[in-house]
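A short write-up of the structure that comes next.
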Amino acid sequence: MANARAFAALADPTRREVFERLADGPRAVGELAQGLPVSRPAVSQHLKVLKEAGLVIDRPEGARRVYQIDPKGLGQMRAWLDRFWDAALEAFKAEAEKPDEDEETPA
Amino acid sequence: MSQTITPAAIRKTLTIRATPEKAFKVFTAGIDRWWPKSHTIGKAPLAEVVIEPRIGGRWYGRDVEGGEDEWGDVLAWEPPGRLVLAWRINAKWVCDPAVRTEVELRFTDLGDGTCRVDFEHRDLANLGEGAEAAVVSMDGGWGTILGLFQAVAEA
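Protein chains in written order, with the working numbering: chain W, 484 to 590; chain S, 164 to 318.
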């Protein structure tokens, strides 16, 4: 469930970019907005969605608000990898079961 | 530094309608044909995925601008029965040679042109603190596209 929300929250490319910038370390909204093709209020809105999805947390730091990725530990990571490999291996299986096109195989 | 959680290895078993030889080949030489390319640790879109066919061989992605992102390397190369790859992508979604998790595949001939593939991704605790961040970061990039990719692969 939490993963599903995170999934949806990261479906937007700009939001994903914002999130990935946070992977480098905690940032304030202004810093995050630099170099992005969207307005600062838009970045704030993306952060709000990311926060609601449980992906980021924020804290006041003086007059500004600093965002960072919500550190939760390895359980969720494992859950994600588990799902990732399910999908990747399914794609692998589909590819492996395709008839050969560029080589001859004895019947 | 202390590890309070030790996640169990991820294990999968699948049966494939292909010989171990073909399955091994598709997984390695053919990885570019099925590996999801939507996400990369580099800046540019991923153009190609490569596993070099030998122990110590590199496992990397090449982006459309020619840049290469290291993901890991080949720890065991025993076609057609066994393959072990090091997955060295850390919690910040960059390759870190100090990180070592292992991905192992065993291909067992079941006869009739089918094989069983036993998959394991282990030592996940080595991804370290903040690993979830890497995961959700990958999720957006990969998860979304996997469905599309699969549809193409199965077409």
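A virtual CB, placed ideally from N, CA and C, is assigned to each residue, including glycine.
Item: Pick helix, strand or coil for residue 175 of chain S, following the three-state DSSP scheme.; Value: strand
Item: Have a look at residue 273 of chain S and residue 581 of chain W and give me their C-alpha separation to the nearest angstrom.; Value: 18 Å
Item: CB-CB under 7 Å to residue 190 of chain S, same chain, minus the five flanking residues each way: which ones, in chain order?; Value: 246 and 268
Item: For chain C, check one thing: does any of its Cβ atoms lie closer than 8 Å to the Cβ of residue 246 of chain S?; Value: Note that chain C does not occur in the displayed structure, where the protein chains are W and S.
Item: How many Å lie between residue 279 of chain S and residue 533 of chain W at the Cα?; Value: 40 Å
Item: Is there a C-beta anywhere in chain S that falls below 8 Å from the one on residue 564 of chain W?; Value: yes
Item: Taking Cβ to Cβ, would you say residue 200 of chain S is nearer than 8 Å to residue 572 of chain W?; Value: no
Item: Hey, does residue 177 of chain S have any beta-carbon neighbour from chain W nearer than 8 Å?; Value: yes
Item: Which residues in the same chain as residue 219 of chain S place their Cβ atom closer than 7 Å to its Cβ, once the five residues preceding and following it in sequence are excluded?; Value: 236 and 237
Item: Quick one: what's got a C-beta closer than 6 Å to residue 233 of chain S's C-beta in the same chain, skipping five residues either side?; Value: 223 and 258
Item: Would you kindly report the start and end of the unbroken alpha helix (DSSP H) that includes residue 516 of chain W?; Value: 512-516
Item: Mapping the DSSP letters down to three states, classify residue 279 of chain S as helix, strand or coil.; Value: strand
Item: Going by C-alpha distance, which of S:275, S:173, S:249 and S:244 is nearest residue 215 of chain S?; Value: S:249
Item: Give the residues of chain W in contact with residue 180 of chain S, contact being defined as C-beta atoms less than 9 Å apart.; Value: 576, 579 and 580
Item: Tell me residue 552 of chain W's beta-bridge partners as DSSP assigns them.; Value: W:539
Item: Could you check the C-alpha separation between residue 217 of chain S and residue 240 of chain S for me, to the nearest Å?; Value: 6 Å
Item: Please work out which residues of its chain come closer than 7 Å, Cβ to Cβ, to residue 591 of chain W, disregarding the five sequence neighbours upstream and downstream, and give them in chain order.; Value: The first residue shown for chain W is 484 and the last is 590, placing residue 591 of chain W beyond what the model contains.
Item: How about residue 243 of chain S and residue 270 of chain S: are their beta carbons less than 8 Å apart?; Value: yes
Item: Which word fits residue 531 of chain W, buried or exposed, when buried means at least 16 other C-beta atoms lie within 10 angstroms of its C-beta?; Value: exposed
Item: Does residue 571 of chain W come within less than 8 Å of chain S when only Cβ atoms are used?; Value: yes
Item: Output the residue ranges of the beta strand (DSSP E) runs that lie fully inside the segment 221-259 of chain S and measure 3 residues or longer, sorted by chain position.; Value: 221-226, 231-241 and 245-250
Item: Verify the CB distance criterion: does residue 287 of chain S have a CB-CB separation below 8 Å to chain W?; Value: yes
Item: Label residue 577 of chain W either buried or exposed according to how many other C-beta atoms from any shown protein chain fall within 10 Å of its C-beta, with 16 as the threshold for buried.; Value: buried
Item: Helix, strand or coil for residue 218 of chain S, going by three-state DSSP, please let me know.; Value: coil
Item: Output the distance between the C-alpha atoms of residue 546 of chain W and residue 509 of chain W, rounded to the nearest integer angstrom.; Value: 15 Å
Item: If you draw a straight line from the alpha carbon of residue 287 of chain S to that of residue 553 of chain W, how long is it in whole angstroms?; Value: 19 Å
Item: Taking the alpha-carbon positions, what's the residue 180 of chain S to residue 570 of chain W distance?; Value: 17 Å
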